[in-house]
Amino acid sequence: MRKIDIFDTTLRDGEQAPGCRLNAKEKLEIAHQLARLGVDVIEAGFAASSPGDYKAIKTIAKEVRGPVITALARGVKEDIIAAAEAVNPAERPRIHIVVSSSNIHLETKMRKSGETVLQMGIDSVRYARNLCGEVEYSPEDASRADPDYLCRTLEEVIKAGATVVNIPDTVGFAVPGEWHQMFSDLRNRVPNIDQARISVHCHNDLGMAVANSLEAVRAGVEQVEGCFNGIGERAGNASLEEIIMAIHLHPDYCRAYTTINLKEIYPTCYLVSKYTGLPIPRNKAVVGGNAFAHASGIHQDGVLKDHRNYEIITPDLIGLDSRDIVLTARSGRSALNFRLSSLGYCLSPKELEDVYRNFLQMADRKKEIFDEDLRAIMGE
Ligand code: KIV
Ligand code: ZN
Numbered sequence: 601m602r603k604i605d606i607f608d609t610t611l612r613d614g615e616q617a618p619g620c621r622l623n624a625k626e627k628l629e630i631a632h633q634l635a636r637l638g639v640d641v642i643e644a645g646f647a648a649s650s651p652g653d654y655k656a657i658k659t660i661a662k663e664v665r666g667p668v669i670t671a672l673a674r675g676v677k678e679d680i681i682a683a684a685e686a687v688n689p690a691e692r693p694r695i696h697i698v699v700s701s702s703n704i705h706l707e708t709k710m711r712k713s714g715e716t717v718l719q720m721g722i723d724s725v726r727y728a729r730n731l732c733g734e735v736e737y738s739p740e741d742a743s744r745a746d747p748d749y750l751c752r753t754l755e756e757v758i759k760a761g762a763t764v765v766n767i768p769d770t771v772g773f774a775v776p777g778e779w780h781q782m783f784s785d786l787r788n789r790v791p792n793i794d795q796a797r798i799s800v801h802c803h804n805d806l807g808m809a810v811a812n813s814l815e816a817v818r819a820g821v822e823q824v825e826g827c828f829n830g831i832g833e834r835a836g837n838a839s840l841e842e843i844i845m846a847i848h849l850h851p852d853y854c855r856a857y858t859t860i861n862l863k864e865i866y867p868t869c870y871l872v873s874k875y876t877g878l879p880i881p882r883n884k885a886v887v888g889g890n891a892f893a894h895a896s897g898i899h900q901d902g903v904l905k906d907h908r909n910y911e912i913i914t915p916d917l918i919g920l921d922s923r924d925i926v927l928t929a930r931s932g933r934s935a936l937n938f939r940l941s942s943l944g945y946c947l948s949p950k951e952l953e954d955v956y957r958n959f960l961q962m963a964d965r966k967k968e969i970f971d972e973d974l975r976a977i978m979g980e
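FYI, the numbering for the sequence shown is 601 to 980, going by this note's numbering.
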């Protein structure tokens, strides 16, 4: 069993989600919550992007204890200096450098040769290592990069002092089987790979960010990056609450564990949604409003007899206090009886039968039956 480090980038990549902006106070509060949750690394921002973000990172680095605090930098001196200064007050600071690696990025975005960009990466890592003990290197768009070039890049940046190498699927292009193979290949082909920790960073453009992250875990990575509620650029980043729960429920399959305090998952997701203004979709895995709501009669009866019939996670495991028994026209007598008894009604089987008939008539007209509807049916 290997311990997987959880690298949270909600405050950096997550905040890049269209329509989302966090102020310094909100970022600090979320960072404290991430520390309570027990993430291993917090990417607090992109220091060179604005004076506000620089200040927010520095405050987090000063005040939040426990996790490594990192900040993003492009492969240029000004960015690296800004990141180094911003994270300097942290217990364990880290600089995170990103430099392009795919042909399309080299040719059309950087407009530089592969050799020039590789040298830029090496120089950046050397420079950053003089300013900070931990340096993470991300070859951007690695999933579309030429594998030979990617292997050479990783070998050289590790020689230059990178302590973590992070492999990003920047555009969410990867598919699980090939992605697994890619990590196995990197471990075989990069001779000094054991001298750095390997990390994965997936985006969700094809809806496979979590599956791809888990495959990378199975292929041996030691750090997984993502955001709570799966927020981030375009279709978002890998959803950390889903990855954490998948590893928790399938430790043998993943051959791994995390040290996350699971009870803080829901409070974290709630806080992120509150401050980003991005609502959690009702059907969102793990933390959506419907994740513990049971509506069909068969399921309600099963859950009320033993929740394990239809739940693989209990609400209290992730810090929620209750499950929802939703009353609709598809609900059965046991669900109705359960909700009535929680309102203080104690019915004989014959009374329940009469009330159930009235309930179905009302439920056929309405989408959902609430407590006040039940009271009306009971003649209050
Ligand atoms: O998606 C990406 O490539 C990134 C890097 C900075 C890791 O966010
Ligand atoms: Zn990203």
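Note that the Cβ used here is the ideal one computed from N, Cα and C, for glycine as well.
Task: Cutoff 7 Å; reference R933; Cβ partners in own chain excluding five residues on either side - done: L952 and Y956
- [ ] Whole angstroms is fine: what's the gap from R923's alpha carbon to N890's?
- [x] 9 Å
Open item on the list: Please state whether the Cβ-Cβ distance between Q823 and F607 is less than 7 Å.
Closed with: yes
TODO: Would you mind stating whether H696 and T670 have Cβ atoms separated by less than 7 Å?
DONE: yes
Open item on the list: I'd like the list of long-range same chain contacts for N788, defined as Cβ closer than 6 Å, with 5 residues on each side in sequence excluded.
Closed with: none
Task: DSSP three-state assignment for A624, whether helix, strand or coil - done: helix
Task: C802: first and last residue of the uninterrupted beta strand (DSSP E) it sits in - done: R797 to C802
Open item on the list: Which of the three DSSP states is assigned to F970 in this structure?
Closed with: coil
Task: Minimum length 4: unbroken alpha helix (DSSP H) runs contained in the segment 627 to 687 - done: 651 to 663 and 677 to 687
Task: Contact shell at 6 Å, judged by CB to any heavy atom of ligand 1, ordered along the chain - done: D613, L672, V698, S738, E740, N766, P768, T770, H801 and H803
Open item on the list: Could you compute how far the alpha carbon of G721 sits from the alpha carbon of Y857?
Closed with: 32 Å
- [ ] Excluding the 5 residues preceding and the 5 following N883 in the sequence, name in chain order all residues of the same chain whose CB lies nearer than 6 Å to its CB.
- [x] N890
- [ ] Identify the continuous beta strand (DSSP E) that holds I606 and give its terminal residues.
- [x] D605 to D608
Task: CB contact flag (D613, G830, <7 Å) - done: no
TODO: Go to P757, then tell me how far its alpha helix (DSSP H) extends in each direction, as first and last residue.
DONE: Looking at the sequence itself, residue 757 is Val, so the reference to Pro does not match. Counting along the chain, the alpha helix (DSSP H) containing V757 begins and ends at P747 to A760.
Task: Backbone CA spacing between D746 and V817 [nearest angstrom] - done: 22 Å
Task: Contact check, R636 vs E864, beta carbons under 7 Å - done: yes
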